[in-house]
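Residue numbers (this note's numbering): 17 to 240.
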């Protein structure tokens with residue numbers, strides 16, 4: 017079974033959940049944390065100098081960075097809603113700053129696979145891509161009223177509009193199709209109102225063209 021991508025924590029979006037005073041506190045603590053790291057590095061090199069300010073060394077050794085980290089952790093985690101920190105399965109979200117992570121094995125640019133790998137997709141490494149089954153295909157079908165359905169097998173009539181990898185095709189159709197009033201039904205734009213067979217054919221061809229263009233645009237983004 018193919019694993020889904022790991023949920024990510026987007027700091028820029030989470031920042032919007034915080035009140036201005038919370039943002040100010042976290043920002044100040046973050047700067048002090050960086051300075052604490054710098055102080056610790058500075059103290060480590062003081063013994064190489066002729067003049068040593070033992071007070072700085074003593075403070076650095078006594079506090080390190082754990083005091084600020086503890087406060088910063090509390091200030092960040094306490095005000096944020098649980099869904100911002102964890103996904104719907106209660107798995108913690110992975111910071112976006114970590115960069116690309118393989119959805120299959122969890123490797124990253126800092127921890128590549130033993131056999132060596134590169135990125136086959138945004139969230140799939142080449143080592144896992146060679147082992148992954150091809151994505152399931154879906155077939156986009158429309159009935160005479162213009163109602164769109166997704167089939168696992170090619171339709172027996174000639175109302176096949178498009179086909180391709182399941183999730184990608186569904187995303188494109190959801191954007192290009194018309195949504196009925198119930199919000200769940202997808203329609204071929206212009207087909208329900210068509211008054212004759214020629215208008216129905218025009219609506220189908222126009223929608224087919226839109227799907228093909230959307231797919232081509234998606235493919236060019238992946239390759240770029």
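Built from N, CA and C at the ideal position, the CB exists for glycine as well.
Item checked: C-beta contact flag for residue 204 and residue 158 at 8 Å -> yes
Item checked: One or two residues paired with residue 24 in a DSSP bridge -> 110
Next item on the list: Measure the CB-CB distance between residue 220 and residue 167 and report whether it falls below 8 Å.
Entry: no
Notebook entry, point to check: Count the other CB atoms within 10 Å of the CB of residue 223; is the residue buried (16 or more) or exposed (fewer)?
Noted result: buried
Item checked: Where residue 141 sits in the DSSP three-state scheme -> strand
Note to self: For the segment 101 to 109 against the segment 72 to 82, do three or more pairs of beta-carbon atoms, one drawn from each stretch, fall closer than 8 Å, so that the two count as touching?
What the structure shows: no
Next item on the list: Return the chain-ordered list of same chain residues with a C-beta closer than 8 Å to the C-beta of residue 85, the five sequence neighbours on each side being excluded.
Entry: 49
Notebook entry, point to check: Start and end of the beta strand (DSSP E) containing residue 124?
Noted result: Premise fails: residue 124 is in no beta strand (DSSP E) and is neither H nor E.
Next item on the list: Would you decide whether residue 233 is buried or exposed? Buried here means 16 or more other CB atoms lie within 10 Å of its CB.
Entry: exposed
Check: Around the Cβ of residue 216, are there at least 16 other Cβ atoms within 10 angstroms (buried) or fewer (exposed)?
Finding: buried
Margin query: Measuring only from the beta carbon, is residue 95 closer than 7 Å to any heavy atom that is part of the ligand FMN?
Written below: The ligand content of the structure shown is nil, which means the ligand FMN is not present either.
Check: With distances taken between CB atoms, is the gap from residue 185 to residue 154 smaller than 8 Å?
Finding: yes
Check: Which first and last residues belong to the alpha helix (DSSP H) in which residue 183 is found?
Finding: 182 to 192
Next item on the list: Reducing DSSP to helix, strand and coil, say where residue 96 ends up.
Entry: coil
Check: If you count every other CB in all the chains shown that lies within 10 Å of the CB of residue 1, and 16 or more means buried, which is it?
Finding: As shown, the chain starts at 17 and ends at 240. That puts residue 1 outside it, with no answer to give.
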